[in-house]
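Structure first, commentary second.
In this note's numbering, the protein residues as written are 17 to 552.
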């Protein structure tokens, strides 16, 4: 997919560098490892890659705590390695998006090192500092997503600093014009280097309430998480004042003005707010972000009713905006486990990729989805994620979806010649790339076939979407574009089912799915089956 607005309807493959391929034998994946597997990525039929953070960092949050926005951490390679990745991806027709984390950095970043020295230095107001209350307690009731109070005392300044995540991830003060300018300069650095876009992490977090007002309490019955579990105190509040502030909109417009000076680039915002769909409506507009995605389909509920309700709610609000859908990423339990509950196997894995790639919008596929990888079991003693260590055992963190990519059935699944930073799951070893590549009936080859077919159907890439009433286990909708109308239906249950649409249809021959059959106008679905049909 090339040309202006390549991102509309694009399939973006997320690479988590630490776990993709290790080429230097330290047990951690690296940028040369991505280069080495670009032919594999291209073979999937995706349009772009999104590379999770590879910047210089103490790795307290595995790269989302950045100490230098413009350099590669030696763990992953060098800037020359990144330039090689960019050139080699482009040579294969792949666009390259990279993570950017505007709202916070690492306590090791020179900006924070300077800011914390005293209250009078040039960076003194670059972070969110506040005096203690008279009794010495934090300035307000704001909480960190990663557990506990969102404020840490610093004895140098005798003030608290704000962190919405780990205490080693101080919040930048976006009320300071110099901070906004510096972060725009960091984006410009990578645009000039040739990247095709950004995935903007936690993009509703840059601004905070300048008055530091307390967040209101949330009723017990409404304490549900998106990207965090209900037992996390973070779920006990409405986050009215510590994120999703109206001032964010102006910064997004600054970002868009910058990006509009570069041809054919895109910004994808990660949005996690009290009402993520409403926030997406505000943020994803022609003069703000190109695309946005939320955690609304990264939940435990994978029912047809939830998917329909979520997509319809966004469609009713989004107007000119463009959504991006994901059902797996580096922060949540893998979809075949989360939505399949250990059942469904290969048929479920094939179905889920076809489903998310058939909704209106762009798509993010997470590495390993194309192999049907389940969530890995990581014992407590092997955990690396501080989030999981804090909330064990109710929430086991994010390591289970971050384990190494299985390339072969050999030692360490071909990921590294050294002990990997996280253990290789035996269930993953059996689903390795080498074995699936040689198996015509594998999930991998089904995904390749489906994505190749999707590319030939503009109605799936650019068409409108309208949902249909169907039996409870069936998700059904019509995609329409340039005079073509296609009925799409998925049986999300593990049982066979029949459904008679109230219209004349002609089944399309679609690879990579458990295909329904049509008999006397009735669609007969196998377990986890799907139907694509042309409407008269």
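Each residue gets a CB set at the ideal place from its N, CA and C atoms; glycine is no exception.
With a cutoff of 8 angstroms on beta-carbon distance, residue 455 and residue 438 are scored as not near each other. Residue pairing from DSSP places residue 495 in a beta bridge opposite 481 and 502. Boundaries of the alpha helix (DSSP H) harbouring residue 266: 264–275, taken from the DSSP string. Ranked by Cα distance from residue 462, the options 131, 229 and 59 are led by 59. Taking a contact as a CB-CB distance under 8 angstroms, the pair residue 303 and residue 272 counts as one, their CB atoms being some 6 angstroms apart. The C-beta separation of residue 231 from residue 258 comes to about 6 angstroms, placing the pair in contact by the 8 angstroms criterion. The beta carbon of residue 371 is closer than 6 angstroms to those of 506 in its chain, skipping five residues each way along the sequence.
Here residue 137 is exposed: its Cβ has fewer than 16 other Cβ atoms, across all protein chains shown, within 10 Å.
DSSP places residue 522 outside any alpha helix (DSSP H); the residue lies instead in the beta strand (DSSP E), whose first and last residues are 521–523. In the DSSP secondary-structure assignment, residue 175 is bridged to 170.
Taking C-beta separations shorter than 6 angstroms and ignoring five residues to either side along the sequence, the partners of residue 479 in its chain run 495, 496 and 497, following chain order. Put simply, the stretch 326–345 does not touch the stretch 466–473. Fewer than three CB pairs are less than 8 angstroms apart. Fully enclosed beta strand (DSSP E) runs of no fewer than 3 residues occupy 307–310 of the stretch 293–328, in order along the chain. Taking C-alpha positions only, residue 276 is separated from residue 21 by approximately 12 angstroms. Residue 65 sits in a strand when the DSSP states are folded into three classes.
Residues 354 of the same chain have their beta carbon placed closer than 7 angstroms to that of residue 316, with the five preceding and five following residues left out of the count. Rounded to the nearest whole angstrom, the CA to CA distance from residue 392 to residue 211 is 32 angstroms. The beta carbons of residue 381 and residue 330 sit no closer together than 8 angstroms. Put simply, the backbone Cα of residue 435 is about 5 angstroms away from that of residue 43.
Distances from the CA of residue 528 to each of 409, 493, 53 and 369 were compared; the closest alpha carbon is that of 369. Membership of residue 193 in the alpha helix (DSSP H) is indicated by the continuous run 193–209. When 487, 84, 515 and 140 are compared, the shortest CA-CA separation from residue 173 is found for 140. A distance below 7 angstroms between beta-carbons, with the five flanking residues on each side excluded, links residue 360 to the following residues of its chain, in chain order: 352, 510 and 544. Burial is judged here by how many other beta carbons sit within 10 angstroms of a residue's own beta carbon; residue 98 has at least 16 and is buried.
In terms of Cβ geometry, residue 161 and residue 121 do not form a close pair [threshold 8 angstroms]. Counted as a single uninterrupted DSSP element, the stretch harbouring residue 405 is not any beta strand (DSSP E) but the alpha helix (DSSP H) occupying residues 402–407.
Between the C-alpha atoms of residue 235 and residue 286 there is a straight-line separation of about 26 angstroms. For residue 356, the closest alpha carbon among the candidates 346, 347 and 367 is that of 367.
Boundaries for residue 548: no alpha helix (DSSP H) harbours it, while the beta strand (DSSP E) harbouring it runs 546–551, taken from the DSSP string. Distance from the CA of residue 193 to the CA of residue 253, rounded to the nearest whole angstrom, comes to 29 angstroms.
In this structure, the alpha-carbon of residue 406 lies about 7 angstroms from that of residue 163. DSSP, reduced to helix, strand and coil, places residue 282 within a strand of the structure shown. About 14 angstroms separates the beta carbon of residue 32 from that of residue 444, a gap too long to meet the 8 angstroms contact definition.
For residue 201, the closest C-alpha among the options 394, 116 and 427 is that of 116. A distance below 8 angstroms separates the beta carbons of residue 215 and residue 284. Counting every other CB atom within 10 Å of its CB across the protein chains shown gives residue 112 a total of 16 or more, marking it as buried.
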